[in-house]
Every structure is written in C-alpha cells, then in structure tokens.
Amino acid sequence: MGWRPFDYIDCCGVLHHLADPAAGLAALVAVLATGGGLGLMLYGELGRTGVYPAQRAIARLAGDGKAGERPALARKLTEALPDGNWLKRNDHVMDHLAGDDAGFYDLLLHSRDRAYLVGEIMTLMAEAGLRISAFMPAGAYRPETYLNDGDLIERPRPCPRRTGGPWPRNCPAP
Amino acid sequence: MAEELSGALKTHAFYAVRRADKEHGAAQGFEPRMVTVLREMRADRLAASLSQLPGLNATLGGVSRRFEVSTQAPAIIALIDGKRSLRQIHGRLRARMGKTRAKMSWPDFQGEFSALFNILHPLNMLLFAGATLD
Numbered sequence: 118m119g120w121r122p123f124d125y126i127d128c129c130g131v132l133h134h135l136a137d138p139a140a141g142l143a144a145l146v147a148v149l150a151t152g153g154g155l156g157l158m159l160y161g162e163l164g165r166t167g168v169y170p171a172q173r174a175i176a177r178l179a180g181d182g183k184a185g186e187r188p189a190l191a192r193k194l195t196e197a198l199p200d201g202n203w204l205k206r207n208d209h210v211m212d213h214l215a216g217d218d219a220g221f222y223d224l225l226l227h228s229r230d231r232a233y234l235v236g237e238i239m240t241l242m243a244e245a246g247l248r249i250s251a252f253m254p255a256g257a258y259r260p261e262t263y264l265n266d267g268d269l270i271e272r273p274r275p276c277p278r279r280t281g282g283p284w285p286r287n288c289p290a291p
Numbered sequence: 028m029a030e031e032l033s034g035a036l037k038t039h040a041f042y043a044v045r046r047a048d049k050e051h052g053a054a055q056g057f058e059p060r061m062v063t064v065l066r067e068m069r070a071d072r073l074a075a076s077l078s079q080l081p082g083l084n085a086t087l088g089g090v091s092r093r094f095e096v097s098t099q100a101p102a103i104i105a106l107i108d109g110k111r112s113l114r115q116i117h118g119r120l121r122a123r124m125g126k127t128r129a130k131m132s133w134p135d136f137q138g139e140f141s142a143l144f145n146i147l148h149p150l151n152m153l154l155f156a157g158a159t160l161d
C-alpha cells in the first residue's frame, strides 16, 4: 500500500483467528522495519481449558441452525453445564459470564481460533525469523513464581537449545 | 514449565524482534542513562502507599503473592516519571540524602533499584522506556 516499514507492530489477539497464522505473521514481518519490534498476544492453551470442548458441543448442538440462534443456544448450554465440566471449573475464563455478547461470542462462538503452548509460540516465531525478547508479565513465566519449596525451585532446567526441529511443546521461555 | 505449573495463562503476551537483530530486545543490566517508567500507575500514589505499608499484593498467573520492598523504594518510585534517567534519579536521591549526611553511591543505588526492579518488573509494573543521549 506504499507505507514505509513500521518500527513497531502491535498484533493483539489476531493471529490465532487466522486460517494460517504463520502466513499472517510473515506478512507482518515483511513490513517490519530493520531494528523494529513486534508486540503480540496469542491465546494460551492451558488457561483456556474447557473452552474448545464447549465450542465443539455448541457447534454440534447448533448444527446447521441460523447464526442468530447460536448465542441463545450457547447461553442455554453454558447455564446448564454440569459441575464437572472443564469450562465451568475453569475460574480463569469468565468472558462468557460477563454479560456482554461480544465477549461471549468471542469465547464460545468464534468460527475460528486456536490456542498455543509456549513451545509452539517459540516454533512459530523461530520459523518467521524472529526471537522473543520477553513474555509479559515476566514473573508469570518463571517456574519459581508457582513453587514455594526450595528444592523444587532449584530443579527446573532450561530446554535444550533448538537445533532445527520444533521446540518441545512444553518448552519454557528462555 | 511455568505455564504448566500455573494452568491459568489464558493468553500469552510477548515482544519479538528479528532473530538476527542482536542490538534490540529486552534491556540488559542497569546503566545510568536508562530511563525507567511505571506502567499504568502514578508514581506518587504508589510511593505514598508503600511509605505506609512497605509491600504490595499482586496476582501472577493465577497465584496471589505478597512482595516486600525496601525502605528506600518509595523515594525511588516517587522520582520515576518516564523521563528521568537512572543517573538523574540517583542524583536527586543523593541530593536529598545529603541533607541527612547519608551517602548513596552508584553501586548502592544500583542495588536498591535492582531489588525494586526485580519485584516490579516481573509484575509488568516497571519497565525501561529507553535511554538518554550521553
């Protein structure tokens, strides 16, 4: 479009909705200025436990029904979920309970989204010729944040360096 | 491993640069010309709060934690405005302490700032905005 390369590109919550996130990321890198940086946000797989089974259940219950019927049907379903359901048990995902349609639709009715483990993000970035400079907030990506026992805090080790293959799916941030 | 321990990271926010770019990325170490900034927070309010109670509660990855700060922390925070360099903050602190005959060398300040940074940065509250031109 004739724009000059961008020094900073913020891409929050977009790539995980694309059919080909890697292609989307490549398009961003193509317009990133030399010495520029990207700020990105992608869905996290573990924190969204329960979301995708609920999405699949809604999709199957809705069948070929009208798109306009799906929100009401999905709300009815989420209200009727049994206590053992993983979405109901996930206290960290509350978007569908906030009352607004946009958050509800985005969480449970979006036609396309996927979530990532950190290792998968490392692979996605590496294959785009990028390196991650920091996860935010940094403290949430340190094992010691979640460990109180001194012996356990000493035990985590970084993953072996990547030698061409993908990062392990559960590899911690370096 | 942290995300597996947490189980609560429903999004991953991060910064990236080109792999070949060795010059840019997260700041390393503390240099006098670095400019620090509080994120989405008023320095005077945080400093006043920490003067009364030298600790803060925060939730990281779904875990609630309490962090204690040093007695110097409020004075340092009060001088963070997103424009002053560490050298300037140190200078102002020294000037104030000079009145009480206490001295704070650069290594002393570095130690104090480092302790504060190591609490506030992991919480995404304290960042580096850049550096002044020497």
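Chains R and E are the protein sequences, given in the same order.
Heads up: take any position in the first sequence, counting from 1, add 117, and you land on this note's numbering.
Heads up: take any position in the second sequence, counting from 1, add 27, and you land on this note's numbering.
Think of the CB as a built atom: it goes at the ideal place given N, C-alpha and C, for glycine as much as any other residue.
Bear in mind the structure is a predicted one, so any value in this text is a computation, not a measurement.
Asked, Found
"Residues of the segment 41–63 of chain E in Cβ contact with chain A at a cutoff of 9 Å, in chain order, please.", "The question asks about chain A, but that chain is absent: this structure's protein chains are R and E."
"Answer yes or no: does any C-beta atom of chain E fall closer than 8 Å to that of Ala147 (chain R)?", "no"
"Determine which residues of the segment 244–272 of chain R have a Cβ less than 9 Å from any Cβ of chain E, and write them out in chain order.", "Ala245, Gly246, Leu247, Arg248, Ile249, Ser250, Ala251, Phe252, Met253, Pro254, Ala255, Gly256, Ala257, Tyr258, Arg259, Pro260, Glu261, Thr262, Tyr263 and Leu264"
"How many whole angstroms separate the CB atoms of Leu32 (chain E) and Pro254 (chain R), which I take to be in contact at a CB cut-off of 8 Å?", "Not confirmed; about 15 Å, so no contact."
"Start and end of the beta strand (DSSP E) containing Ser228 (chain R)?", "Where Ser228 (chain R) is concerned, there is no enclosing beta strand (DSSP E), given that its DSSP letter is neither H nor E."
"Quick one: give me the first and last residue of the alpha helix (DSSP H) that Phe140 (chain E) is part of.", "Trp133 to Leu147"
"Spatial neighbours of Ala290 (chain R) within its chain, please: CB distance less than 6 Å, with the 5 preceding and 5 following residues excluded, ordered by chain position.", "Any reading at Ala290 (chain R) must be qualified, since the residue scores a pLDDT of 49, below 50, and its modelled position is unreliable; no value is offered."
"Once DSSP output is grouped into helix, strand and coil, what is the label at Asp51 (chain E)?", "Note on identity: in this sequence residue 51 (chain E) is His, with Asp being the wrong assignment. Coil."
"Run the CB neighbour count on Val148 (chain R), radius 10 Å, all protein chains shown included, and call it buried at 16 or more, exposed below.", "exposed"
"Kindly list the residues whose CB is nearer than 7 Å to the CB of Ala105 (chain E), restricted to its own chain and excluding five residues on each side of it in sequence; keep chain order.", "Ala70, Asp71 and Ala74"
"Return the Cβ separation of Pro101 (chain E) and Leu77 (chain E) in integer angstroms, given the expectation that the two are a contact with Cβ distance under 8 Å.", "5 Å"
"Given that a residue counts as buried once 16 or more other Cβ atoms are within 10 Å of its Cβ, and exposed if not, what is Met28 (chain E)?", "buried"
"Would Leu87 (chain E) and Ile103 (chain E) qualify as a contact pair, given that the criterion is a beta-carbon distance under 8 Å?", "no"
"Once you ignore the five residues that flank Ala35 (chain E) on each side, which residues in its own chain have a CB closer than 7 Å to its CB?", "Gly88 and Gly89"
"DSSP on Asp124 (chain R), reduced to helix/strand/coil?", "strand"
"Could you give the DSSP three-state label for Ala290 (chain R): helix, strand or coil?", "Low confidence applies here, because Ala290 (chain R) scores a pLDDT of 49, under 50, leaving its location unreliable; read the following figure in that light. Reduced to three states, the DSSP call for Ala290 (chain R) is coil."
"Kindly say whether Ile175 (chain R), judged by its beta-carbon, lies nearer than 8 Å to any beta-carbon of chain E.", "no"
"Can you give me the C-alpha to C-alpha distance between Gly119 (chain R) and Ala140 (chain R), rounded to a whole angstrom?", "20 Å"
"In three-state DSSP terms, what is Gly118 (chain E)?", "helix"
"Report the option in E:Ala43, E:Gly157 and E:Arg92 whose CA atom is closest to the CA atom of Asp108 (chain E).", "E:Gly157"
"Considering only their Cβ atoms, is the gap separating Leu65 (chain E) from Asn152 (chain E) smaller than 8 Å?", "The amino acid at residue 152 (chain E) is misidentified as Asn; the sequence shows Met. Yes, the Cβ-Cβ distance between Met152 (chain E) and Leu65 (chain E) is below 8 Å."
"Counting pairs of Cβ atoms below 8 Å between the segment 37–48 of chain E and the segment 221–241 of chain R, do you hit three or more?", "yes"
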